[in-house]
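Each remark here refers to the structure printed beneath this line.
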Amino acid sequence: MMGDQIPSLQFSPLEEISACTSTTRKSFLEHRTRDVEFRLVQLRKLYWAIKDHEEDIVRACALDLNKPRFETEIAESGWLLNDIVFTTRNLHKWVKDEKAHDIDLPFRFMKPKIRKDPLGCVLVIGTFNFPFQLTLGPVIGAIAAGNAVVIKPSENAPNSAVIIQKICEASLDPLCYSVVQGGVTETQALLAERWDKIFFTGGANVGRIIAKAAAPYLTPVVLELGGINPAIVSKTADPRLVARRMLWGKTVNAGQLCTSQNYLLIDKSLVPQVIEEFKKAYKEFYPQGAKKSPDYSRIINKPHFQRLKSMLDNSTGKILVGGTVDEDDLFIEPTVVQVDSVKDSLCAQESFGPFIPILPVEDLDEAITLANSVQSTPLGLYPFGSKADVAKIISSTRSGGVSCNDAALHIPTLPFGGVGESGYGAYRGRSSFDVFVHRRPITSSPSWLEFILAFRYPPYAGKLSKFKAFSELVPDFDRRGQKLTVGWLRFILTLGGGQSVKAGAGR
Ligand code: NAD
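So that you can map any letter, position 266 of the sequence shown is 266 in UniProt numbering, and since no number is skipped, the others follow by simple counting.
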């Protein structure tokens with residue numbers, strides 16, 4: 001455990017970054033990280049290091065974001081601890097070779113299987129808002145999958161970055177897993193190296209830089225980006241639930257949450273009730289106001305505060321709840337604003353802050369058209385209303401994920417990731433393992449199979465028709481794309497093999 005002071009963040013010397021990467025890569029190439037028991041020991045040690053540093057995590061999150069203990073224990077330390085237990089409990093199951101499905105009979109003798117091979121030496125670049133969860137979460141998957149890992153925490157949450165390094169150094173094999181600290185320059189030095197995967201969480205602009213840097217090496221990338229997430233509220237929704245849940249989505253971590261809704265499109269008949277409910281909910285959540293509450297975070301730093309303040313200043317909407325700001329305290333009050341267009345500054349870009357712009361709409365169709373016009377592939381989508389309305393919204397939109405009648409929620413073991421402009425690749429739960437492995441198909445041809453395999457060798461004369469008789473699949477559709485309905489006849493003629501009639505006759 002550390003004392004009250006968290007030492008200030010020291011960036012890694014640039015000249016050491018390449019050497020550190022080489023050590024980590026070498027350890028992978030020497031197969032140190034492949035052994036499953038080795039991976040489990042690393043994860044178990046990481047568990048205890050997080051446990052031992054729980055108070056440091058709380059303190060770091062409070063210093064960086066004024067994050068309440070409640071939110072830190074649930075969404076940072078507690079989240080990671082559960083993730084590790086879930087992973088270590090299931091890893092033996094996940095690493096097993098997988099039986100290959102849909103294999104034709106002759107190939108089954110080759111015992112086809114899928115091996116989950118580690119990718120190699122991977123880079124994980126973290127972000128500031130959930131500095132522990134979003135940095136070490138992918139690392140857990142990368143270790144479980146047998147990779148060597150270099151970790152770059154966000155310099156914007158400097159106290160958390162220091163504690164992340166402490167935790168890693170206290171638990172993980174330093175030859176296989178290392179932390180590089182730094183900002184843009186250090187990250188770019190890391191990006192100049194060759195990686196077997198880069199896992200990035202952050203904004204779309206930096207995401208593009210990452211993908212470009214990866215391209216020359218053909219390095220696969222996961223981009224966990226943000227989104228201009230809509231909440232669509234139909235006239236069948238419950239105004240009280242809408243207000244309470246949407247307010248929660250924008251007060252957790254002061255709205256610095258990639259999955260929180262960016263704006264609400266509400267059926268105009270429901271708007272007055274929803275506004276009343278927002279006022280009630282705000283009083284209930286923060287009886288003395290958010291500023292005096294111990295349960296409300298602050299904005300990460302001045303540039304983000306300035307960005308948010310100018311979004312609010314530039315809005316032409318009417319403030320209905322909140323609206324106060326205090327730069328010295330990096331405080332922005334949860335603020336409900338009625339706007340008159342999705343082009344309003346509060347809707348058109350991702351706020352990543354505690355703003356709740358509301359736009360009244362005529363009906364569901366208008367809401368869907370508007371949501372698709374603002375950003376057609378956001379990270380999250382939050383439809384409120386009856387089952388039928390929610391189903392209509394889901395089938396007319398795209399998004400990384402959907403929480404019906406809720407805000408921001410994402411179950412910890414459900415695959416999580418964006419689509420289109422909100423990124424690509426998914427992790428969490430089993431997906432954290434899957435995203436860091438290569439599914440390597442393996443077959444083995446026994447010598448006795450030679451009597452079948454011999455047909456592939458020249459001379460080819462007379463072999464093609466025999467091969468086709470055994471292997472050609474007969475389409476069950478016609479030239480107009482219509483499905484043929486003589487299924488039973490085909491079944492009898494092919495003796496249930498689903499293959500050619502000739503082959504059936506042969507059998
Ligand atoms: P960011 O993109 O500014 O920074 C993220 C990381 O990129 C940091 O580690 C930083 O050091 C590095 N970086 C910054 N500029 C760089 C450059 N020019 N070259 C190389 N590396 C660079 O993001 P942020 O401000 O930390 O986070 C806010 C964004 O992240 C929001 O858009 C939010 O929605 C998104 N986000 C997404 C998720 C998710 O899981 N999908 C989670 C949290 C945040």
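Think of the CB as a built atom: it goes at the ideal place given N, C-alpha and C, for glycine as much as any other residue.
- The DSSP-derived three-state label of Lys-26 is helix.
- Between Gly-126 and Leu-119, the C-beta spacing is not below 7 Å.
- For Ser-178, the three-state secondary structure derived from DSSP is strand.
- The beta carbon of Lys-235 sits closer than 7 Å to those of Asp-267, Ser-269 and Leu-270, all from its chain and outside the five residues before and after it, given in chain order.
- By the neighbour-count definition (other C-beta atoms within 10 Å, threshold 16), Trp-79 is a buried residue.
- Within the DSSP secondary-structure output, Cys-121 pairs in a beta bridge with Ala-148.
- In the DSSP annotation of this structure, the continuous segment of the alpha helix (DSSP H) that includes Phe-470 starts and ends at 464-471.
- Distances from the alpha-carbon of Leu-265 to those of Pro-287, Asp-313, Asp-326 and Met-246 put Met-246 closest.
- Boundaries for Lys-343: no beta strand (DSSP E) harbours it, and the DSSP string shows neither H nor E there.
- For Thr-219, the CB stays at least 6 Å from every heavy atom of the ligand NAD.
- A residue is called buried when at least 16 other Cβ atoms come within 10 angstroms of its Cβ; Lys-318 does not meet this threshold and is exposed.
- The alpha helix (DSSP H) runs of length 4 or more contained entirely in the segment 365-421 are, from start to end of the chain, 387-395.
- Annotation for Ile-452: the continuous alpha helix (DSSP H) segment containing it runs 450-453.
- Leu-359 and Val-124 have their alpha carbons spaced roughly 38 Å apart.
- Taking one beta carbon from each stretch, the segment 421-428 and the segment 221-231 have 3 or more pairs nearer than 8 Å; the two touch.
- The bridge partners DSSP lists for Leu-359 are Leu-265.
- Just so you know, the alpha carbons of Cys-168 and Ser-178 end up roughly 7 Å apart.
- For Glu-15, the three-state secondary structure derived from DSSP is helix.
- Between Phe-355 and Gly-141, the CB-CB gap reaches or exceeds 7 Å.
- Judged by DSSP in its simplified three-state form, Gln-5 adopts coil rather than helix or strand.
- Checking the 6 Å criterion, the Cβ of Phe-109 is out of range of every heavy atom belonging to the ligand NAD.
- Our two residues, Val-41 and Ala-204, have alpha carbons roughly 35 Å apart in a direct line.
- DSSP, read as helix, strand or coil, puts Ala-461 in coil.
- Distances between the C-beta of Cys-258 and the heavy atoms of the ligand NAD include at least one below 6 Å.
- By the CB criterion at 7 Å, Leu-320 and Val-336 fall inside the cutoff.
- According to DSSP, residue pairing for Lys-197 in a beta bridge involves Val-122.
- Residue burial annotation: Thr-316 is exposed, with fewer than 16 other C-beta atoms found within 10 angstroms of its C-beta.
- In this structure, the straight-line span from the alpha carbon of Ala-281 to that of Asp-363 is close to 25 Å.
- Relative to the non-hydrogen atoms of the ligand NAD, the Cβ of Ile-332 never comes closer than 6 Å to any of them.
- Pairing Glu-30 with Cys-121, the inter-Cα distance amounts to about 12 Å.
- Taking non-hydrogen atoms of the ligand NAD into account, the C-beta of Thr-187 is found less than 6 Å away from one of them.
- Considering only Gly-418, Pro-272, Glu-333 and Leu-414, the residue with the shortest C-alpha distance to Pro-378 is Gly-418.
- A check of alpha carbon separations from Val-162 across Asn-229, Thr-185, Ala-145 and Phe-11 identifies Phe-11 as the nearest.
- In terms of Cα proximity to Leu-346, the closest of Ala-290, Lys-468 and Val-374 is Val-374.
- Residue nearest to Ile-17 within the set Thr-185, Asp-295, Leu-449 and Leu-330 is Thr-185 (criterion: CA-CA distance).
- Arg-69 and Pro-441 have their C-alpha atoms roughly 46 Å apart.
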